[in-house]
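The structure appears right after this line, and notes come after that.
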Amino acid sequence: MGTQCRETLPPLQDLKVTIQNSCLVFPNQETAARRDSMFLSNIDQVLNFNVETVHFFASHADFPPQTVAEKIKDALGKILVSYDFLAGRLKLNAKTGRLEIDCNGAGAGFVVASSECTLDEIGDLVFPNAAFAKLVVNSLDSLEKDGKLLCIIQVTSFKCGGFAMGISTSHATFDGISFKTFLDNLAGLAGGKPLAVTPCNDRELLAARSPPRVTFPHPELVKLQTHLGQELSVPVFDATQEALDFKIFRLSSSNVSDIKEKAKTNPSSRISGFNAVTAHIWRCKALSHSQDPDRVSTILYAVNIRPRLIPPLPESYTGNAVLTAYANATGKELQEGPISKLVERVAEGSRRMTDEYARSAIDWGEIHKGIPHGDFLVSSWWKLGFDEVGYPWGCPKYSCPVVYHRKDILLLFPDIDDKNSVNVLVALPSKEMEKFEILFHKFLSA
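For the sequence shown, the residue numbers in the numbering used here are 190 to 635.
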């Protein structure tokens, strides 16, 4: 019931994956509102890299992997009618110097593969295995004469009859919320149903104001040394080459409830699970690095701005509609608490993201061209619900991104058994990891 550091058998290093065939898939009918290009917001512009996710499914007697592959391929052709930009290619507009999507209908990628392993042999699906990268293709050189594909889906069958759907998309196309809507629509089409949600593809809803007006300071952002729209020469966070230990810390639903209860300043206080967990791991991460009581630690995390704008963005908005919030605390505050104060700092960062603050941040990006800046980022996949998508063959056994060990990014993943529990993925140098683990348990039991 309590917290635990997840111990697992060594993951398989080789899933013995063989690509059977690959092809381009095109919209299966002419797009109703044909356009030459799609505007990308300043938020989209700096997310010019791929996001890879893998969705694992148990075997299903009525849906062998070959049938699943055919249905997904057919659904992809249908969904590209409404998501026409996924069949396009990124290009730099020479006149504006901005990245945009050329909606040329050049196609999305589709790959069929097989593995000589069973799902059971892969082991703990929660443990981010570097070998999962073999379940996703992020480029198809022989099919990319028109430029890099923005979406590739790979269906990999396992010996047991189970299968995985690996999806690579440019982050410029979706955030986590809009990708979940895309998955719901793909699942519906695979089952012969209409779109569950009609996507809103108007990215100009998040265009900068003219002229841009920066009405707040934005310490959470730092200027780029490259032109907006270009591939980043450095990552948003430094992918250090130093040796890192890697561990998963599980917080059960009762652990999360306990932290929320400790954070209440009065019985009627409402504390979100994300704010409680983020405050807890913030103090562990910051203090494992430095015990200096005067050092200020800055934590970053994403906030969905759809409901915060005036008027609100449509929930079906397909682009990136999250901005970086931040919270600050000194080493003394992190060490001595109370946890309620740290939770309130995290909540303040979210509340700061009003319509005007969000517009100011977007306008800042128009003038300065920048990226998030802080000590570390909490990236949450906890409540996105990818494993709740209902396909004709059932919901995924587990869904996760393909992750690479990063010292300055802490990842929150859902638990495979209890959706109210959360797994915290941490990569740190050995001595810092030892301190993190001690602090993690110390503050939880305090």
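Where is the CB? At the ideal position from N, CA and C, for every residue including glycine.
Because the structure is a prediction, the values reported are computed rather than measured.
Proximity of T242 and S304 at Cβ, strictly below 9 Å | no
Terminal residues of the continuous beta strand (DSSP E) containing S568?
-> F565 to S569
Identify every residue that forms a DSSP beta bridge with C340.
-> T358
How many angstroms separate the CA atom of L417 from the CA atom of P406?
-> Because L417 sits at a pLDDT of 48, beneath the cut-off of 50, its placement in the model cannot be relied upon, and the following sentence gives the value as read from the coordinates. Spanning the two alpha carbons is a distance of roughly 20 Å.
Close beta carbons around V326, own chain, < 6 Å, minus the five adjacent residues each side | V300, I341 and Q343
Find out if the Cβ-Cβ distance for the pair L599, V578 is shorter than 9 Å.
-> no
In terms of DSSP beta bridges, what is N493 paired with?
-> V511
Counting only runs of 3+ residues fully inside the stretch 259-340, write out the beta strand (DSSP E) ranges in chain order.
-> 278-281, 288-291 and 297-304
Straight-line CA distance for V206 to L372?
-> 24 Å
Same chain only: Cβ atoms within 6 Å of S357, ignoring 5 sequence neighbours per side | N239, E241, V325, N327 and I341
Check whether the Cβ atoms of I268 and L410 lie closer than 9 Å to each other.
-> No, the pair does not count as a contact, with Cβ atoms beyond the cut-off.
Separation of I494 from L502, as counted between CA atoms = 8 Å
How many Å lie between V613 and Q218 at the Cα?
-> Computed Cα separation, rounded: 44 Å.
Endpoints, the beta strand (DSSP E) within which D434 is located | D434 to L440
Can the beta-carbon of V386 be found less than 9 Å from the beta-carbon of T362?
-> no
Any chance the stretch 565-577 sits against the stretch 543-557, with 3 or more Cβ pairs inside 8 Å?
-> Counting C-beta pairs with one atom in each stretch, the stretch 565-577 and the stretch 543-557 have fewer than three that are closer than 8 Å, which means they do not touch.
Residue range of the unbroken alpha helix (DSSP H) whose run includes C473 | G462 to H478
The beta strand (DSSP E) spanning Y587 covers which residue range?
-> Element bounds for Y587: Y587 to P590.
DSSP three-state call for A616: helix, strand or coil?
-> DSSP, read as helix, strand or coil, puts A616 in strand.
Return the residue from the list C292, S226 and M622 that minimises the CA-CA distance to F435.
-> Checking every option, the nearest Cα to that of F435 belongs to M622.
Taking Cβ positions, are H469 and F629 nearer each other than 9 Å?
-> yes
Beta-bridge partners of Y506, as assigned by DSSP = C389
Quick one: what does DSSP say H594 is sitting in, helix, strand or coil?
-> coil
Where do the N-terminal and C-terminal ends of the alpha helix (DSSP H) with V532 fall, by residue?
-> I528 to R540
Distance between A247 and S461 (C-alpha atoms, nearest Å) | 32 Å
Among F245, E555 and E259, the one whose alpha carbon lies nearest that of C212 = E259
For the stretch 390-401 and the stretch 584-598, state whether three or more C-beta atom pairs, one from each stretch, are separated by less than 8 Å.
-> no
With distances taken between CB atoms, is the gap from I528 to A452 smaller than 9 Å?
-> yes
Measure the CB-CB distance between L279 and N237 and report whether it falls below 9 Å.
-> Yes.
Leaving out five residues before and five after F352 in sequence, what residues of the same chain have Cβ atoms less than 7 Å from its Cβ?
-> For F352, the CB contacts under 7 Å within the same chain, skipping 5 residues up- and downstream, are F246, P254, V257, V344, T345 and S346 in chain order.
Quick one, are the C-beta atoms of G312 and H244 less than 9 Å apart?
-> no
What residues in its chain sit with their C-beta under 7 Å from that of K617, if we drop five residues either side in the sequence?
-> The amino acid occupying residue 617 in the given sequence is Leu; Lys does not appear at that position. Once the five neighbours on either side are set aside, the close Cβ partners of L617 are L433, D434, S477, K596 and F625.
Of the residues H557, L512 and I232, which one's Cα is nearest the Cα of T543?
-> L512
In angstroms, rounded to a whole number, what distance separates the CA positions of Y490 and F438?
-> 19 Å
What residue from E504, N464, S443 and S588 has the CA that sits closest to S610's CA?
-> Measuring from the Cα of S610, the nearest candidate turns out to be S443.
Could you check if T285 is buried or exposed, using at least 16 other CB atoms within 10 Å of its CB as the buried criterion?
-> Taking all protein chains shown into account, T285 has fewer than 16 neighbouring C-beta atoms within 10 Å of its C-beta and is therefore exposed.
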